[in-house]
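K.L.:
Reading the sequence shown from the start, the letters are residues 764 to 940 in the numbering used here. Even glycine gets a Cβ: it sits at the ideal position worked out from N, Cα and C. After the structure tokens below, expect a handful of questions from me.
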Amino acid sequence: MDDKLKGFYDLFWRRRSIREFSERPVEPEKIDRLLEALRRAQSAANRQPWHFVVISDKAGRAALDEVFTKEGFRKAPLLIVACADQSQAWTRRADKINYAWVDVTIAVTEMIGAATAEGLGSCWVAAIEPELVREKLGIPGQIDIVAIIAVGYPEKELVVEDKARKSLAEIIHHGKW
Ligand SMILES: Cc1cc2nc3c(=O)[nH]c(=O)nc-3n(C[C@H](O)[C@H](O)[C@H](O)COP(=O)(O)O)c2cc1C
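Pasting the structure below:
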């Protein structure tokens, strides 16, 4: 494997969910690049059925304190609330499945890859009370609140251990299930 390829896999395989953040703010140019990663993501039929509420100021973050059950997330210097607009998304005709949440998830995953490359830690936080978030941020009723992504410099140096993952044998079906 050449160095470029190794760098690519390292980036994804070394990523871990970070739940404790230092107080160091995220540089505005880094925030801009993360938002650009969201904007450039792929989506079904290129519908881009997403909105992201970006909160990096102290007062804005404090307003979301009660949304989190883990103290670490309250310290995250950057919060990105990932939202899906099903009315804008592509729907598969055969079974009427709406792809809005898939599209939002792809955009977030690409942004998390960018954050990792920027030396930032991040964590998806789906265990929130969406109606509380909606009320605090004025998110319209037809918009789904998928998750909050907490981003910032990790408090501690990352120790990368192998994460418990299913084996390939458990999840890959060659040719037929
Ligand atoms: C869709 C999604 C929702 C998640 N929600 C939460 C959450 O609410 N709180 C939390 O602490 N971690 C949350 N996580 C992080 C997962 O627990 C974590 O990704 C998983 O344990 C694997 O660990 P790793 O990310 O360090 O590889 C979420 C992850 C994903 C992908």
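Under a Cβ-count criterion, where at least 16 other Cβ atoms within 10 Å of its own Cβ denotes burial, should alanine 913 be classed as buried or exposed?
P.N.:
Label assigned to alanine 913: buried.
K.L.:
Among the residues of its own chain, which have a CB less than 6 Å from the CB of leucine 883, if the five just before and after it don't count?
P.N.:
Val914
K.L.:
Roughly how many angstroms separate the alpha carbons of leucine 921 and alanine 857, rounded to a whole number?
P.N.:
When only Cα atoms are considered, leucine 921 and alanine 857 end up about 45 Å apart.
K.L.:
For arginine 779, verify whether its CB is less than 6 Å away from any heavy atom of ligand 1.
P.N.:
yes
K.L.:
Let me check one thing: in DSSP terms, what residues is proline 917 bridge-paired to?
P.N.:
Phe784
K.L.:
Over the uninterrupted beta strand (DSSP E) stretch that includes valine 922, give me the two end residues.
P.N.:
For valine 922, there is no enclosing beta strand (DSSP E), as DSSP gives it neither H nor E.
K.L.:
Measure the beta-carbon distance from leucine 842 to lysine 899 and round it to whole angstroms, keeping in mind my assumption that it falls under 8 Å.
P.N.:
Not confirmed; about 11 Å, so no contact.
K.L.:
For tyrosine 772 and methionine 764, I'd like the C-alpha separation in whole angstroms.
P.N.:
10 Å
K.L.:
What do you get for leucine 801, buried or exposed, if any count of 16 or more other CB atoms within 10 angstroms of its CB means buried?
P.N.:
Result: buried.
K.L.:
Assuming the contact rule is C-beta atoms closer than 8 Å, leucine 798 and threonine 879 should be a hit. Round their C-beta distance to whole Å, please.
P.N.:
Wrong, their Cβ atoms sit about 16 Å apart, outside the cutoff.
K.L.:
Check whether the Cβ atoms of alanine 852 and proline 812 sit closer than 7 Å, and answer yes or no.
P.N.:
Against a cut-off of 7 Å, the Cβ pair of proline 812 and alanine 852 comes out as a contact.
K.L.:
Please classify serine 885 as buried or exposed, where buried requires at least 16 neighbouring CB atoms within 10 angstroms.
P.N.:
For serine 885, the number of other beta carbons within 10 angstroms of its own is at least 16, and it is reported as buried.
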